[in-house]
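In what follows, a single structure is set out as C-alpha cells and then discussed.
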Amino acid sequence: MILVGTLWSDHGATLLARERGFFGVLRVVDDGAYRVLLHGSTLHGSQAVRERELCEPLAYYTRRGPLGRAIAARRTAFPEVTDAAIIGLGAGAIACYAAPGERWTFHEINSDVVDVATEPGLFTFVENARATGATIELTVGDGRTGLLHTPAASVSLVMVDAFNSDSVPIHLLTREAVRVYLDALRDDGWLLLHISNRTLDLTRVVSAIAEAEHLSVVVNRDAAEIGGASAAESAAEAGIPGSSSGASPTWVVLARTSEALDVLRLSAGFVDLPPPRGAPAWTDERASLFE
C-alpha cells in the first residue's frame with residue numbers, strides 16, 4: 000500500500016492512498032466528511048469520517064436504500080441464520096449487514112481492494128463487522144469460481160456487486176453464472192445483483208435471464224431504469240458523495256419462486272421487473288448490449 004498525504008486538488012479532497020495494480024488504479028480520498036474508495040472514476044464505497052467506530056453502510060449500501068430494505072425484509076420473513084456469499088468487496092460496507100454468528104464470505108478478484116478494505120487507517124467496515132461476532136471471510140480470486148466451489152444449498156443470500164463500472168464482467172451475468180449462484184443457494188434463497196451503472200441499462204439483461212431460467216425477479220421501485228427517482232435524486236438520498244455523477248442504486252433480487260419475493264413487494268419498495276422486450280439472455284457463448 001502506498002500512503003501519501005497530498006491534495007487531490009481537482010476535487011478538493013485529500014488523497015490518503017493510491018495503489019496501481021493489474022486491475023487499474025485505486026484511490027482513497029477524504030473531503031473531511033466522507034472517505035471514498037474510487038477505482039478509476041467509479042465509486043466503490045464511502046464511509047462517514049465521524050462514524051468510523053460504527054458499522055454504518057452508505058452510498059449504494061445504505062440501510063434506507065434498496066439493499067438495506069431487502070436485507071431487513073429477509074430477516075423478517077426468514078428469521079433463520081442468514082449465511083451469505085458475496086462477489087465484490089469494495090470498501091466492505093456490505094459486511095455491516097452480517098449478524099453475530101453468521102458467516103459471510105466475500106470473493107474479491109483484486110487483492111489491492113482487500114488491502115484497502117482491511118486497513119483500519121482507511122476503512123473500518125470489515126473490522127467493525129467482525130467485532131460484532133460475525134464471521135467475515137475474504138478470499139482473493141474470481142467470484143464465479145469461488146461460488147462454484149461453495150457447497151450446494153449452503154447460503155441464504157448470494158450478492159453480486161461487480162457491475163457498476165464501465166467495463167462489465169460479462170461472465171458474472173450469464174445464464175450459466177446464475178445457475179452457479181442458484182446451486183449455492185437454499186431453496187428459498189435470494190440472488191441480489193447490484194446493477195447500478197452510469198452508461199448501461201442492465202435491467203433488460205437480468206429480465207431476459209430470469210425469463211430463460213424460469214425465475215422470479217423484482218427491482219427497487221425507485222430505480223431510475225424503470226422510471227423511478229432520477230439518478231441524481233436517488234444518489235443524493237442514498238448519501239453518495241458527489242451525487243451529480245449520475246450514479247443511482249439499482250438492486251434486483253431473483254428467486255426460484257414468486258412467493259419467496261412477496262415480502263419485498265409488500266414492505267420493501269420492490270416491484271416486478273418488466274419483461275425483457277425481446278432482449279436475449281446472455282450466455283457464456285453469446286452476450287451483446289446491442290440486441
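Heads up: the sequence shown runs through residues 0 to 290, numbered per numbering that gives the first Met the number 0.
C-beta: ideal position from N, C-alpha, C; glycine also.
The beta strand (DSSP E) enclosing residue i, as first and last residue numbers
i    : result
G20  : 12-20
D29  : 23-29
T138 : 134-139
V293 : Nothing about residue 293 can be read from this structure; the chain reaches only from 0 to 290.
E107 : 102-107
A94  : A94 -> no beta strand (DSSP E), and no H or E assigned at all.
A176 : No beta strand (DSSP E) holds A176; the alpha helix (DSSP H) holding it covers 174-183.
L253 : 250-254
S155 : 154-159
I86  : 83-86
Extent of the continuous alpha helix (DSSP H) run through residue i
i    : result
F124 : 124-130
E79  : No alpha helix (DSSP H) holds E79; DSSP gives it neither H nor E.
I208 : 202-211
S110 : 110-116
V302 : Past the boundaries of the shown model lies residue 302; the chain is included only from 0 to 290, so the question cannot be answered.
V262 : 261-266
G142 : 142-147
Anticipated Cβ contact below 8 Å, residue i with residue j, distance rounded
i    : j    : result
D160 : I85  : 7 Å
E101 : V80  : 6 Å
T249 : A222 : 4 Å
E210 : P279 : About 10 Å; that fails the 8 Å criterion.
C95  : A71  : Contact doesn't hold; Cβ gap of about 13 Å is too wide.
V252 : L190 : 7 Å
S75  : V270 : The sequence given here has Thr at residue 75, not Ser. The pair is not a contact, with the Cβ atoms about 19 Å apart (cut-off 8 Å).
G91  : A116 : 4 Å
F105 : S155 : The pair is not a contact, with the Cβ atoms about 16 Å apart (cut-off 8 Å).
S215 : A176 : Actually they do not touch by this definition, with Cβ atoms about 18 Å apart.
L272 : T202 : 6 Å
Burial state of residue i (16 or more Cβ within 10 Å)
i    : result
E18  : buried
T198 : exposed
D82  : buried
D283 : exposed
S45  : buried
H193 : buried
R49  : exposed
P99  : exposed
T173 : buried
R73  : buried
A16  : buried
G89  : buried
T144 : exposed
V217 : buried
V28  : buried
S195 : buried
P65  : buried
A151 : exposed
T61  : buried
S8   : With a pLDDT of 34 at S8, under the threshold of 50, the predicted position of this residue should be treated as unreliable, though the coordinate-derived value follows. It counts as exposed.
R87  : Correcting the residue type first, residue 87 is Gly in the shown sequence and not Arg. The residue is buried, with at least 16 neighbouring Cβ atoms inside 10 Å.
S266 : exposed
V157 : buried
A32  : exposed
A130 : exposed
G268 : buried
G291 : Outside the displayed range of the chain (0 to 290) lies residue 291, so it cannot be described from this structure.
A24  : Looking at the sequence shown, residue 24 is not Ala but Val. So V24 ends up on the exposed side.
G348 : This structure cannot speak to residue 348, because the chain is shown only from 0 to 290.
R285 : exposed
R63  : exposed
L36  : buried
H147 : In the sequence under discussion, the amino acid at residue 147 is Leu, which differs from the His named in the question. Answer is exposed; the Cβ neighbour count stays below 16.
T149 : buried
Does the stretch 102-109 come within contact of the stretch 171-183, defined as at least 3 CB pairs closer than 8 Å?
no
Just list the alpha helix (DSSP H) runs in the stretch 32-59, keeping only unbroken ones of 4 residues or longer that don't cross its boundaries, in chain order.
none
Under 8 Å, with one C-beta from each stretch per pair, do the stretch 33-44 and the stretch 162-170 reach the 3-pair mark?
yes
Does the stretch 52-63 come close enough to the stretch 123-140 that 3 or more CB-CB pairs lie under 8 Å?
yes
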